[in-house]
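Here's the structure we're looking at; comments come further down.
Set out below in C-alpha coordinates:
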(Lines of atoms letter the chains of each structure in order from A and count residues from 1; the text may use other names and numbers.)
(Lines give C-alpha, C1' and ligand atoms only; values in the text may rest on other atoms or scores of the structure.)
Protein backbone atom coordinates (compact mmCIF):
# COMPACT_ATOMS: atom_id res chain seq x y z
CA UNK A 1 0.00 0.00 0.00
CA UNK A 2 2.83 2.38 0.92
CA UNK A 3 4.51 1.75 -2.49
CA UNK A 4 1.22 2.51 -4.28
CA UNK A 5 0.89 5.86 -2.47
CA UNK A 6 4.53 6.75 -3.26
CA UNK A 7 4.13 5.90 -6.96
CA UNK A 8 0.85 7.82 -7.14
CA UNK A 9 2.49 10.87 -5.55
CA UNK A 10 5.37 10.74 -8.05
CA UNK A 11 2.96 10.59 -11.02
CA UNK A 12 0.95 13.53 -9.70
CA UNK A 13 4.08 15.64 -9.19
CA UNK A 14 5.38 14.74 -12.67
CA UNK A 15 2.00 15.54 -14.24
CA UNK A 16 1.80 18.94 -12.53
CA UNK A 17 5.39 19.88 -13.42
CA UNK A 18 4.92 18.84 -17.08
CA UNK A 19 1.60 20.65 -17.32
CA UNK A 20 2.93 23.90 -15.87
CA UNK A 21 6.38 23.84 -17.46
CA UNK A 22 5.47 24.27 -21.10
CA UNK A 23 2.06 25.93 -21.12
CA UNK A 24 1.77 29.26 -22.91
CA UNK A 25 0.17 32.07 -20.96
CA UNK A 26 -2.44 33.65 -23.29
CA UNK A 27 -1.69 37.13 -21.92
CA UNK A 28 1.91 36.82 -23.21
CA UNK A 29 0.59 36.41 -26.76
CA UNK A 30 -1.36 39.68 -26.70
CA UNK A 31 0.02 42.37 -28.98
CA UNK A 32 1.14 43.00 -32.54
CA UNK A 33 3.68 40.72 -34.20
CA UNK A 34 5.83 41.48 -37.27
CA UNK A 35 7.16 38.66 -39.51
CA UNK A 36 10.93 38.20 -39.63
CA UNK A 37 10.70 36.43 -43.01
CA UNK A 38 12.23 33.31 -41.50
CA UNK A 39 10.72 29.86 -41.97
CA UNK A 40 11.65 26.65 -40.18
CA UNK A 41 12.87 23.91 -42.51
CA UNK A 42 11.66 20.61 -41.05
CA UNK A 43 14.12 18.52 -43.07
CA UNK A 44 17.26 20.43 -41.99
CA UNK A 45 15.87 21.49 -38.59
CA UNK A 46 17.15 25.03 -39.22
CA UNK A 47 15.67 28.47 -39.71
CA UNK A 48 15.98 29.85 -43.24
CA UNK A 49 15.36 33.34 -44.63
CA UNK A 50 12.56 33.49 -47.19
CA UNK A 51 14.33 34.60 -50.38
CA UNK A 52 11.40 34.66 -52.79
CA UNK A 53 9.04 37.62 -52.91
CA UNK A 54 6.37 36.91 -50.34
CA UNK A 55 4.38 39.53 -48.49
CA UNK A 56 3.70 38.36 -44.96
CA UNK A 57 1.27 40.40 -42.87
CA UNK A 58 1.55 41.64 -39.31
CA UNK A 59 -0.69 39.69 -36.97
CA UNK A 60 -2.28 40.79 -33.71
CA UNK A 61 -3.85 39.02 -30.76
CA UNK A 62 -6.02 41.42 -28.72
CA UNK A 63 -6.86 41.17 -25.02
CA UNK A 64 -10.56 40.73 -25.83
CA UNK A 65 -9.95 37.63 -28.02
CA UNK A 66 -9.85 39.20 -31.47
CA UNK A 67 -7.36 38.05 -34.09
CA UNK A 68 -6.31 40.67 -36.64
CA UNK A 69 -4.23 40.54 -39.81
CA UNK A 70 -2.91 43.98 -40.82
CA UNK A 71 -5.48 45.59 -38.48
CA UNK A 72 -8.43 43.75 -40.09
CA UNK A 73 -10.40 40.74 -38.81
CA UNK A 74 -8.36 37.59 -39.46
CA UNK A 75 -11.18 35.81 -41.28
CA UNK A 76 -11.49 38.52 -43.97
CA UNK A 77 -8.65 37.42 -46.23
CA UNK A 78 -8.89 33.68 -45.58
CA UNK A 79 -10.50 31.96 -48.56
CA UNK A 80 -10.12 28.45 -47.12
CA UNK A 81 -11.65 28.89 -43.66
CA UNK A 82 -8.54 28.12 -41.61
CA UNK A 83 -8.38 31.46 -39.77
CA UNK A 84 -11.12 33.08 -37.74
CA UNK A 85 -11.56 36.57 -36.38
CA UNK A 86 -11.61 35.33 -32.76
CA UNK A 87 -9.13 33.15 -30.87
CA UNK A 88 -8.39 31.39 -27.61
CA UNK A 89 -5.24 29.65 -26.40
CA UNK A 90 -5.52 26.05 -25.28
CA UNK A 91 -2.69 23.53 -24.78
CA UNK A 92 -0.18 25.77 -26.62
CA UNK A 93 -2.55 26.05 -29.58
CA UNK A 94 -4.27 29.12 -30.97
CA UNK A 95 -7.82 27.91 -31.64
CA UNK A 96 -9.79 30.11 -34.04
CA UNK A 97 -13.53 30.78 -34.23
CA UNK A 98 -15.85 33.16 -36.14
CA UNK A 99 -14.73 32.01 -39.58
CA UNK A 100 -15.61 33.87 -42.76
CA UNK A 101 -17.30 32.52 -45.86
CA UNK A 102 -14.89 30.53 -48.05
CA UNK A 103 -14.15 31.97 -51.48
CA UNK A 104 -16.17 30.21 -54.21
CA UNK A 105 -13.26 29.26 -56.52
CA UNK A 106 -10.46 28.80 -53.99
CA UNK A 107 -8.28 25.71 -54.24
CA UNK A 108 -7.66 24.69 -50.64
CA UNK A 109 -5.85 21.80 -49.02
CA UNK A 110 -8.12 19.31 -47.34
CA UNK A 111 -6.86 19.83 -43.83
CA UNK A 112 -7.80 18.81 -40.33
CA UNK A 113 -6.24 21.89 -38.79
CA UNK A 114 -7.37 22.57 -35.27
CA UNK A 115 -5.41 25.82 -35.02
CA UNK A 116 -1.88 27.17 -34.94
CA UNK A 117 0.69 25.52 -32.69
CA UNK A 118 2.85 27.85 -30.58
CA UNK A 119 6.41 26.50 -30.71
CA UNK A 120 8.09 29.35 -28.80
CA UNK A 121 6.83 32.48 -27.09
CA UNK A 122 9.09 34.96 -25.33
CA UNK A 123 8.83 38.66 -24.61
CA UNK A 124 10.22 39.47 -28.08
CA UNK A 125 9.77 36.34 -30.25
CA UNK A 126 6.88 34.21 -31.44
CA UNK A 127 7.45 31.00 -33.40
CA UNK A 128 4.19 29.52 -34.57
CA UNK A 129 3.19 26.68 -36.88
CA UNK A 130 0.47 28.08 -39.13
CA UNK A 131 -1.44 24.97 -40.14
CA UNK A 132 -1.54 23.74 -42.89
CA UNK A 133 1.53 25.67 -43.97
CA UNK A 134 4.78 26.06 -42.00
CA UNK A 135 6.43 27.50 -38.89
CA UNK A 136 7.13 31.22 -39.08
CA UNK A 137 9.02 33.54 -36.73
CA UNK A 138 7.66 36.92 -35.60
CA UNK A 139 8.98 39.73 -33.42
CA UNK A 140 6.82 41.84 -31.14
CA UNK A 141 5.95 45.32 -32.44
CA UNK A 142 6.85 47.93 -29.84
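In the numbering used here, the protein residues as written are 190 to 331.
Glycine residues also receive a C-beta, built at the ideal position from the N, C-alpha and C atoms.
If you draw a straight line from the Cα of residue 252 to the Cα of residue 219, it comes to about 6 angstroms.
For residue 286, the CB contacts under 7 angstroms within the same chain, skipping 5 residues up- and downstream, are 273 and 275 in chain order. Restricting attention to beta strand (DSSP E) runs no shorter than 3 residues, the region 256–318 encloses them at 256–258, 273–279, 282–288 and 305–310, ordered along the chain. With a 10 Å radius around the Cβ and a threshold of 16 neighbouring Cβ atoms, residue 249 comes out buried. In this structure the region 256–266 does not touch the region 231–242; the number of beta carbon pairs closer than 8 angstroms is below three. The beta carbon of residue 281 lies closer than 6 angstroms to those of 213 and 307 in the same chain, with the five residues before and after it left out. Annotated as distal: residue 295 and residue 320, with beta-carbon spacing of 7 angstroms or more. Going by C-alpha positions, residue 236 is about 13 angstroms away from residue 318.
For the 7 angstroms CB-CB criterion, residue 223 and residue 259 do not form a contact. Taking C-alpha positions only, residue 277 is separated from residue 330 by approximately 21 angstroms.
Taking C-beta separations shorter than 7 angstroms and ignoring five residues to either side along the sequence, the partners of residue 292 in its chain run 268, following chain order. Per DSSP, residue 217 lies in no beta strand (DSSP E); the unbroken alpha helix (DSSP H) holding it starts and ends at 215–218. If you draw a straight line from the Cα of residue 303 to the Cα of residue 284, it is about 6 angstroms long. According to DSSP, residue pairing for residue 228 in a beta bridge involves 237 and 325. Sixteen is the threshold: when 16 or more other Cβ atoms of the shown chains lie within 10 Å of the Cβ of residue 324, as they do, the residue is buried.
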